[in-house]
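J.: Residue numbers (UniProt numbering): 1 to 428.
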Amino acid sequence: MKLQQQESAVEQQQGGEEKLPENLLLYFEQILHDDPLIDEVGFLHPTQFCSLDCARDGDSASQSTEFHCARYFWCRDHKLAISAEILPELYHAARDAYYNARDAPLSRTNLMRHTKALLILCPDLLTAWNSRKMVLSALYDFTKLKDELQLCALILSYSPKNESTWSHRWVIKQVAEQHQDMLELIGNESILVKEIAEKSKMNYRAWRHRCWLIPYMTRKQVLDELNESTRWSELHVADNCCFHYRRSLLLALLDNFFGNEEDSLSWESDICLLWKEELRWDEMLIKRYQGRESLWNHRRFLSHLWIQHLLTVEGNWPATTSQMDMFVIQEIQLLSECLHDPVDEFEESRVQAELSALYIMWITKAISSWFYPASCLSQVPDVKGKLEERLHFASMGRLKDVLAGACRPEKRFWMNLLNLADQSSDVQ
């Protein structure tokens, strides 16, 4: 008799568990519907729910307390907590509900509800994102597009490197096709990326999205973004993503200059001053933070376009004092300072010397392969000659010593370009 009662109890329990996922999905979707401003989601161990105060304030009597059951869900102040205990069942229920809604006709509302719940649980499901994209593309609705950006921001709060979620912010392009004023929206996007970058270091996807926003910015916004990213770059000199973003901003300013001829003279002057300041700022960071390859990569970009500009200017307006010669002297002086940095226990000075030597060698070997206007081609050999002459009198011998003795094995390719293979074998 007792055995039959136990079997009956087990069957009832199993029957309740089979219905549990469907009920939990309804609870979950209702929570998301009642509070569309949820900005943070946490998946907690069941024991952590004991520390949450699940008492209701009484100002939302229309919502049942069962939707905020302390055992599975907790929602307050736009913060949502979900028990990890039910995640497998909740995911399977949301996935099945989505597949049923996708195959059913005229179920856009249910499809959006189910995909929202499903993507919060599994944001990598591209099929669900594409279903939402099809619904949103059918009819333009600015309110729904803003809600879509809110959903993406919610998912990125706990999954900041999710590729599918960043890609889904294509809705900005759809908004831009209908609205001319994108100032506020682009500003909010930049703030979002900055906050996510603070929490998730080396987040390439976030910075790539920020670069994608540049064509929608005004000239003033581009300049503001360049100024605001300066401090962040100084605090994260090893993160190349931000320096890549600055390079994209600078290229956008150049494109803006070539695309507008009304104030070309004043704008050209501003660009030159900006470029000089960027070179000076980068040099300051190089001297302050030794051995940071991202800083030297940024300098290569700046030097490349700056040499092109100087060659163009001197080709059109020859001067007694060559700005190109002054720039070469400045770079050789930087090399000399890096080579004479005191040795430290972390070998940062050795890496600094290697990077500076490779930077100068990059200029001497790559300058002949760069693309220049026809008026500048005759000056390229002169520039190479100036570099080689300055290196010979300043520190060319030391440069060979650095390349032969201090370069890591993967950098020995540069010694072959200088015909230093025999010397390197002697050093070894």
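In this text, a Cβ means the ideal position worked out from N, Cα and C, and glycines have one as well.
Between which two residues does the beta strand (DSSP E) carrying Lys79 extend?
T.: Lys79 to Ser83
J.: Label Lys79 either buried or exposed according to how many other C-beta atoms from any shown protein chain fall within 10 Å of its C-beta, with 16 as the threshold for buried.
T.: Exposed is the call here.
J.: Need the endpoints of the beta strand (DSSP E) that Trp74 sits in, please.
T.: Where Trp74 is concerned, the enclosing beta strand (DSSP E) starts and stops at Phe73 to Arg76.
J.: If you compare alpha carbons, which of Ser349, Arg219, Leu52 and Cys242 is closest to Ser200?
T.: Cys242
J.: Identify, in the order they occur along the chain, each residue of the same chain with its Cβ nearer than 7 Å to the Cβ of Tyr91, setting aside the five sequence neighbours on each side.
T.: Leu121 and Cys122
J.: Assign Phe142 to buried or exposed, taking buried as 16 or more other Cβ atoms, counted over all protein chains shown, within 10 Å of its Cβ.
T.: exposed
J.: Just checking my contact of His114 with Ala94 at CB under 8 Å: how many whole Å lie between their CB atoms?
T.: 6 Å
J.: What is the C-beta distance between Leu285 and Val237, in whole angstroms, given that I count them as a contact (C-beta under 8 Å)?
T.: In this structure, Leu285 and Val237 form a Cβ contact; the two beta carbons are roughly 6 Å apart against a cut-off of 8 Å.
J.: Within the same chain, show all residues whose beta-carbon is closer than 7 Å to that of Arg108, passing over the 5 residues directly before and after it, in chain order.
T.: Around Arg108: Val135.
J.: Could you tell me which of Tyr245, Leu118 and Phe327 sits nearest to Leu279, measuring between CA atoms?
T.: Phe327
J.: Could you check if Val222 is buried or exposed, using at least 16 other CB atoms within 10 Å of its CB as the buried criterion?
T.: buried
J.: Exposed or buried, what is Gly291 when buried is set at 16 or more other beta-carbons lying within 10 Å of its beta-carbon?
T.: Buried is the call here.
J.: Excluding the five sequence neighbours on either side, which residues of its own chain have a C-beta within less than 6 Å of the C-beta of Leu37, listed in chain order?
T.: Counting only Cβ-Cβ distances below 6 Å, and skipping sequence neighbours, we find His78.
J.: How many Å lie between Leu305 and Arg246 at the Cα?
T.: Spanning the alpha carbons of Leu305 and Arg246 requires a straight line of approximately 14 Å.
J.: Reducing DSSP to helix, strand and coil, say where Val328 ends up.
T.: helix
J.: Out of curiosity, what's the CA-to-CA distance linking His209 and Asn227?
T.: 19 Å
J.: Whose CA, out of Ala252, Leu145 and Ser167, lies closest to the CA of Leu125?
T.: Ser167
J.: Here's the rule: buried if 16 or more other CB atoms are within 10 angstroms of the residue's CB, otherwise exposed. What is His33?
T.: exposed
J.: Pick helix, strand or coil for Phe43, following the three-state DSSP scheme.
T.: Correct three-state label for Phe43: strand.
J.: Could you check what DSSP says for Lys201 in three-state terms: helix, strand or coil?
T.: coil
J.: Compare the C-alpha of Leu250 against each of Leu24, Asp239, Ser266 and Lys220 and name the closest.
T.: Lys220
J.: Whole angstroms is fine: what's the gap from Thr364's alpha carbon to Ser303's?
T.: 12 Å
J.: Leu145 and Gln174: beta carbons closer than 9 Å?
T.: yes
J.: Are there 16 or more other CB atoms within 10 angstroms of the CB of Val171, so buried, or fewer, so exposed?
T.: buried
J.: Of all the CB atoms in chain C, is at least one closer than 9 Å to the CB of Leu25?
T.: Looking for chain C here will not work: only one protein chain is present.
J.: Run through the region 115 to 154 for me and flag every whole alpha helix (DSSP H) of 4 or more residues, listed as ranges in chain order.
T.: 126 to 138
J.: Return the residue from the list Lys133, Leu149, Glu268 and Ile82 that minimises the CA-CA distance to His309.
T.: Glu268
J.: Considering only C-alpha positions, which residue in the set Ile332, Ser294 and Asn188 is nearest to Leu235?
T.: Ser294
J.: Would you kindly work out how many angstroms separate the C-alpha atoms of Ser349 and Pro342, rounded to a whole number?
T.: 7 Å
J.: Is the beta carbon of Asn110 sitting closer than 9 Å to the one on Ala97?
T.: yes
J.: Once DSSP output is grouped into helix, strand and coil, what is the label at Lys161?
T.: coil
J.: Could you tell me the distance, in whole angstroms, from the CA atom of Ser356 to the CA atom of Glu277?
T.: If I take the Cα positions, the gap works out to 20 Å.
J.: Which residue's Cα is closest to the Cα of Ala117: Tyr140, Gln178, Ala104 and Leu154?
T.: Comparing Cα-Cα distances from Ala117 to each of Tyr140, Gln178, Ala104 and Leu154, the minimum goes to Leu154.
J.: Roughly how many angstroms lie between the CA atoms of His340 and Asp282, to the nearest whole one?
T.: Their backbone Cα atoms lie some 19 Å apart in a straight line.
J.: Have a look at Ile360 and Asp224 and give me their C-alpha separation to the nearest angstrom.
T.: 32 Å
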